[in-house]
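Below is one structure; the comments refer to it alone.
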Amino acid sequence: MRRWLVWVLLALVAGEAGVFLWKNGDVVSLSRPADALAADPRFAETAHRVLAQPDVTRRVLERIADVAARRSDSALQLQAITRIAAVAPGDRHVQLRLAEALRRHGRLDDAAVLYRALLTPPGVPGAGGSQ
Amino acid sequence: MTALLIYAVYLGYRGLYTLNPEALVFSLTVYFAEIHGFFSLFFYYFQVWTMRGRTVRPPTSSPTVDVFITTFNEEVDLLRQTVRAAVHMRYPHRTFVLDDGRRAEVKALCEELGCDYLTRDTNEHAKAGNWNNAFATTTGALIATFDADHVPRADFLERTLGFFDDARVALVQTPQRYHNLDSLQHRVSWRMRRLYGEQDVFFNLVMPGKDHWNSAFFCGTGAVLRREALEPFGGQLTGTITEDMHTSLALQANGWKSVYLNELLVTGLAPMDFASYSSQRLRWAEGNLKIIKHVNPLTARGLTIAQRLCYFASMYHWTIGFAKLVFYLAPPLILFTGQFPIVRFDRQFLGFYLAHVVSLVVSYKILSRGTGRILMDELFNMANFFTLLVAAKRFLLGRGESKFVVTSKRGGDQDDRVVLPQYVLIGVTLLSLVWSLLGLGFGVSEDVVGASVAAFWSFYNLALMLAVVGLALRPPQKRQAVRFRAAVPVEVLAGGDGQLGVTLDISEGGCTLLLPQPLAAGTALRLRMYFGAQTVECEGTVRTCHQGRRSGWAASGVQFDHADVRTVDRLADAIYNMTVPEIFSHLSQPSWAAQQWRYLAMRVRGGRLRAVRHETYLPVRVIDQSGEFLATTRDLSASGLSLVAPRAIAVGSRVTIAMSSGVDSWTSAATVVRCTPVTAPSPEFSTCQIALRIDAADGRDLAVMLSTEAA
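This is how it looks when you write it as C-alpha cells:
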C-alpha cells in the first residue's frame with residue numbers, strides 16, 4: 001500500500017471523526033463515566049438536548065436515566081425512562097422503572113395505575129406491559 | 132434452469148415484500164441491479180448451455196490464401212517473430228505486412244523475410260481502414276489475419292481451411308491465447324497446474340456456445356475470412372472501433388456461417404500494465420455498445436432468434452459497470468445512513484437469499500465446466516467497473532468518443548491514476564466502516580446485525596479493491612522479451628567448466644540457468660541449448676548468481692549477447708514451437724491436487740503402489756545403442772523417472788543414465804517402460820516423453836538425490 005494513500009486515509013478518518021463529533025457531540029459526551037457525568041454541571045442541559053432529538057438509542061437513554069437518578073433529578077429521569085418505555089413497549093421491567101420514576105417524581109396516581117397494571121397477570125383485561 | 136427459476140422467484144419475492152419504503156430510491160436501485168444480474172446470468176447460461184466442438188478436416192480444395200499482419204507502432208523485434216511465423220506457415224500463401232506506421236525498417240524486414248509490404252498515405256479508420264486497403268489490392272480467396280504480436284503455428288492454415296469447404300462459411304475464428312502468463316490478466320499456479328486467464332470463460336465457454344447457435348464472431352486476430360463474403364462491404368465495416376464484431380454481425384445477417392475452432396493455433400501478448408489493459412477494455416466496451424447504433428441485433432433482418440440473443444448478450448455484457456457500482460456502494464451507504472435496501476432482515480429473507488446465492492454459485496460452477504472462477508471473475512469486475520461506466524457514458528451521451536488506440540503489450544510504469552476509482556471506493560468503504568464503528572461505540576446506533584451484514588460485504592469488496600490496486604501497482608516489467616518457464620538442457624561450452632545445467636526460464640534475450648557450480652557475475656559464457664533434436668548455440672554474460680540454499684544448485688541470470696539475428700530467430704522458433712505448447716500442455720494436465728487424490732484413491736483400493744513422483748527438472752545424459760543425448764527429467768521417484776528426449780527409444784531397451792547434482796554425480800542402468808511422442812507444430816521440434824525404470828544404480832538410491840535435487 002502506498003504510504004501517501006495511508007496518510008490520506010488517516011487524514012480522512014480524522015476528518016470523519018471530527019464530523020462525527022460535531023454531529024453527535026452531545027451523545028459522545030454522555031459516554032463518559034457515570035461519576036464524571038453526575039459531577040458535570042452541564043449534564044442536564046446536554047441530556048435535554050439529546051432527549052429533544054427524535055432518534056436516540058436505548059443505551060443513551062439508559063445512561064441519562066442512570067445519571068439523572070444519581071443526581072436525584074427525578075424529572076429528567078422520568079423523561080428518559082418514558083422514552084425508553086416508548087422504544088421498548090413490551091418490557092415489564094421498564095414499566096416498573098417507569099412506575100418508580102413516577103412515584104419519585106410525585107405523580108403517585110399515575111404510578112399507582114401502572115403498579116396495578118403490572119400486578120395484574122398477563123391476559124387479564126387492564127394488564128400492563130403492553131401499553 | 133433451476134438456478135434461473137430460483138433467481139426469478141427471489142426477484143419476485145424481493146419486489147413484492149422486501150422493498151423499503153423508507154429508502155425507496157436506494158431500495159429500487161439495488162433491486163434493479165439485481166434484475167440486471169438476472170439477465171446477465173440468463174444470457175450467460177443461454178450461451179454456454181450447449182457448446183459446439185469442431186473436428187478438423189483437411190481442405191478438399193486448394194483456395195488461395197493471403198495473410199494480413201496489421202501493424203502501426205509495434206516494435207520491429209516483436210513484429211519480426213510474427214512475420215516469420217506467418218511466412219513459415221506450411222500451406223501455400225502470400226504474407227502481407229500492413230504497416231500504418233509507414234516505417235522503413237518494417238519495409239526492410241519484409242524484404243529480408245520475403246513477404247509483401249503494404250502501406251497507405253493516411254490512417255483513416257485505423258486498423259480496419261488499413262486492412263481494407265490491403266483487401267482492395269490483394270486477391271486471395273481467403274484471408275488469414277493476425278495482430279502484430281500474434282504468432283501463428285506452422286499448421287494454422289492446415290487446421291482452419293477445411294471448414295471453408297462449406298461454401299457458406301465466411302469466417303473461422305480461433306481462440307486468443309497469450310503466452311506472457313505474467314500479464315495482468317493471468318494467474319498461474321505452476322505447482323497446482325492451474326492457469327486462469329480473464330478471457331478463458333469467453334474463449335473456452337462462450338465462443339463454443341455461440342458457435343452452437345452459429346453466432347461465433349470475428350475477434351480481430353487469429354481468424355480466416357472469406358473474401359467473397361466481405362466484398363459487399365469492401366472488407367471490414369468501419370463505422371465502429373470494434374470492426375470485427377460489427378462485420379461479423381453484418382455477415383451473419385447476410386446469411387453467412389461462422390466457425391469457432393477452440394484449438395491453440397496462435398498465441399499473442401496480453402497487456403502487461405493496468406493502463407493498457409483498461410484502454411483495451413474501454414475500446415472493446417465502447418465499440419461493442421456502439422454497434423447497436425449501427426446494427427441492432429434485436430431488430431436486424433436475417434438473424435435467427437438465437438443469433439439475436441447471442442449478439443445482444445455480447446453487448447449487454449459491457450453494461451455490468453452500473454450494477455457493480457451499485458453493489459460496491461450499497462454497503463457503505465448502509466453503514467453511513469443505517470438505511471437498508473430491504474425492509475427487514477429476517478429469516479424469511481435470509482432463506483430466499485441463501486437459496487438464490489447457493490443455486491447461483493453451484494449452477495455457475497457446473498456450467499463453467501472448470502473454467503469459471505467466481506472470485507477471479509469478481510476481481511476483474513472490480514478492475515473494470517469504472518472503465519465500463521465510462522464506456523456506457525460515452526454510449527449513452529455520445530460524447531468523448533475514443534479513437535482506435537493500439538494496445539501496448541510492454542509494461543508501462545506504475546501509475547496510481549489508473550486505479551483512482553478503486554482508491555475512492557477504498558476510501559468510502561473504510562470511512563463507512565469507521566463511521567459505523569463510531570456510531571455503535573458511542574451509542575448513536577445499535578443495529579449490530581445490520582451493520583455486521585453490511586460490514587461483511589464491505590470487507591469482501593475491500594479485499595477485491597486492494598487486490599486490484601496490488602495488481603495495478605505491480606513492479607513494472609522491464610524485460611524486452613517475454614520470459615517463458617522452460618527446462619531446457621544446457622551445456623556450458625566455455626566459461627563454466629563444461630557444466631551441464633538446465634534453464635528455469637528462457638527468452639530470446641536471456642535465461643535463468645541452473646548450474647551445479649555458481650558463476651561470477653560478468654562471466655562470459657558460450658552455451659549450447661538443446662531443444663529436442665535441435666541445438667542453439669549462443670554467447671552470454673552472467674548478470675546475477677544466487678546459490679540455492681537447499682538444493683546446492685546455483686541460479687544464474689544470463690543475458691544473451693547475440694551477434695547474429697539468426698540466433699534470435701532460432702531461439703524464437705524453438706520457444707514458439709516447443710516451449711509455448713509445452714507450457715500450455717503442462718497447465719492443462721491434471722492438477723497436483725488431482726494427482727495426489729488419484730494416488731490416495733489407488734492406495735485405498737489396494738492397487739499396485741507406485742513410488743511417489745516428484746516433479747523435478749534436471750539435466751540427464753542418456754546413452755543407448757544409438758548414441759548419447761541430453762534430456763531433462765520431468766519427474767523422479769525412488770524407482771524411476773520420466774524425461775523429455777529428442778528422439779524415441781524402443782520400449783524394453785536398456786539405457787544408461789547419468790545425472791549430476793551440485794556436489795555429486797549418479798549413474799544407473801534403466802529400462803524404457805513407455806515412450807510417448809510429443810508432436811510440435813514444426814516436426815523438427817517434436818520430442819518424446821520417456822518413462823524409465825531404474826534397474827541398477829551405482830549403489831546409491833535415487834531417493835538420496837531427490838532429497839537435494841527435488842528441493
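Read top to bottom, the protein sequences are chains A and B.
Residues 1 to 131 (the working numbering) make up the first sequence, in order.
Residues 132 to 842 (the working numbering) make up the second sequence, in order.
Glycine included, each C-beta is placed from N, C-alpha and C at the ideal position.
From a predicted model like this one, the values you see are computed outputs, not experimental measurements.
query, result
"Whole-number beta carbon distance between residue 64 of chain A and residue 30 of chain A, since they are thought to touch under 8 angstroms", "7 angstroms"
"Contact list for residue 566 of chain B against chain A, beta-carbon separation under 8 angstroms", "16 and 20"
"Inter-residue Cα distance where the pair is residue 547 of chain B and residue 603 of chain B", "8 angstroms"
"Beta-carbon separation (whole angstroms), residue 691 of chain B vs residue 641 of chain B, contact threshold 8 angstroms", "5 angstroms"
"Interface flag, residue 118 of chain A vs chain B, CB-CB below 9 angstroms", "no"
"Cβ neighbour criterion (16 or more within 10 Å) applied to residue 435 of chain B", "exposed"
"Interface flag, residue 509 of chain B vs chain A, CB-CB below 9 angstroms", "no"
"Min CB distance residue 153 of chain B to chain C below 9 angstroms", "Of the chains in the structure shown, none is chain C; the protein chains are A and B."
"Endpoints, the beta strand (DSSP E) within which residue 773 of chain B is located", "771-776"
"Expected contact under 8 angstroms - CB spacing of residue 296 of chain B and residue 190 of chain B to nearest Å", "6 angstroms"
"Residues of the stretch 42-63 of chain A with Cβ closer than 8 angstroms to any Cβ of chain B, in chain order", "57, 58, 59, 60 and 63"
"Proximity below 9 angstroms, CB of residue 57 of chain A to CB of residue 572 of chain B", "no"
"Among A/6, A/28 and A/33, the one whose alpha carbon lies nearest that of residue 67 of chain A", "A/33"
"Contact with chain A by residue 590 of chain B, beta-carbon distance below 9 angstroms", "no"
"From B/814, B/718 and B/778, residue whose alpha carbon lies closest to that of residue 326 of chain B", "B/718"
"Endpoints, beta strand (DSSP E) assigned at residue 844 of chain B", "Since the first and last residues shown for chain B are 132 and 842, residue 844 of chain B lies out of range."
"Distance CB(residue 228 of chain B)-CB(residue 197 of chain B) smaller than 9 angstroms", "no"
"Residues that residue 103 of chain A contacts on chain B, provided the C-beta gap is smaller than 7 angstroms", "None at all; the shortest Cβ gap to chain B is about 28 angstroms."
"Contacts around residue 388 of chain B, its chain only, beta-carbon distance under 7 angstroms, and the 5 residues preceding and following it disregarded", "297, 299, 300, 301 and 345"
"For residue 465 of chain B, three-class secondary structure by DSSP", "helix"
"Local Cβ density within 10 Å of residue 468 of chain B, reported as buried at 16 or more and exposed below that", "exposed"
"Where residue 137 of chain B falls: helix, strand or coil (DSSP)", "helix"
"Integer-rounded CB distance, given that residue 316 of chain B should sit under 8 angstroms from residue 175 of chain B", "So it is not a contact: roughly 19 angstroms between Cβ atoms."
"In DSSP terms, what residue 227 of chain B is bridged to", "B/199 and B/247"
"Per-residue burial, residue 143 of chain B [other beta carbons within 10 Å of its own, 16 or more giving buried]", "exposed"
"Beta carbon proximity, residue 2 of chain A to chain B, threshold 9 angstroms", "yes"
"Contact residues within the stretch 456-484 of chain B, judged by C-beta distance below 7 angstroms to chain A", "none"
"8 angstroms CB neighbourhood of residue 365 of chain B in its chain, flanking five on each side removed", "263, 266 and 267"
"Local Cβ density within 10 Å of residue 343 of chain B, reported as buried at 16 or more and exposed below that", "buried"
"Three or more C-beta pairs below 8 angstroms linking the stretch 176-185 of chain B and the stretch 476-492 of chain B", "no"
"Collapsed DSSP secondary structure at residue 754 of chain B in the structure displayed", "strand"
"Proximity to residue 272 of chain B [Cα-Cα], best of B/195, B/220, B/289 and B/281", "B/195"
"Residue range of the alpha helix (DSSP H) that includes residue 591 of chain B", "579-603"
"First and last residue of the uninterrupted alpha helix (DSSP H) at residue 118 of chain B", "An answer regarding residue 118 of chain B cannot be provided, because it is not within the stretch 132 to 842 covered by chain B."
"Contact under 9 angstroms by Cβ, residue 283 of chain B with residue 216 of chain B", "yes"
"Three-state secondary structure assigned by DSSP to residue 565 of chain B", "helix"
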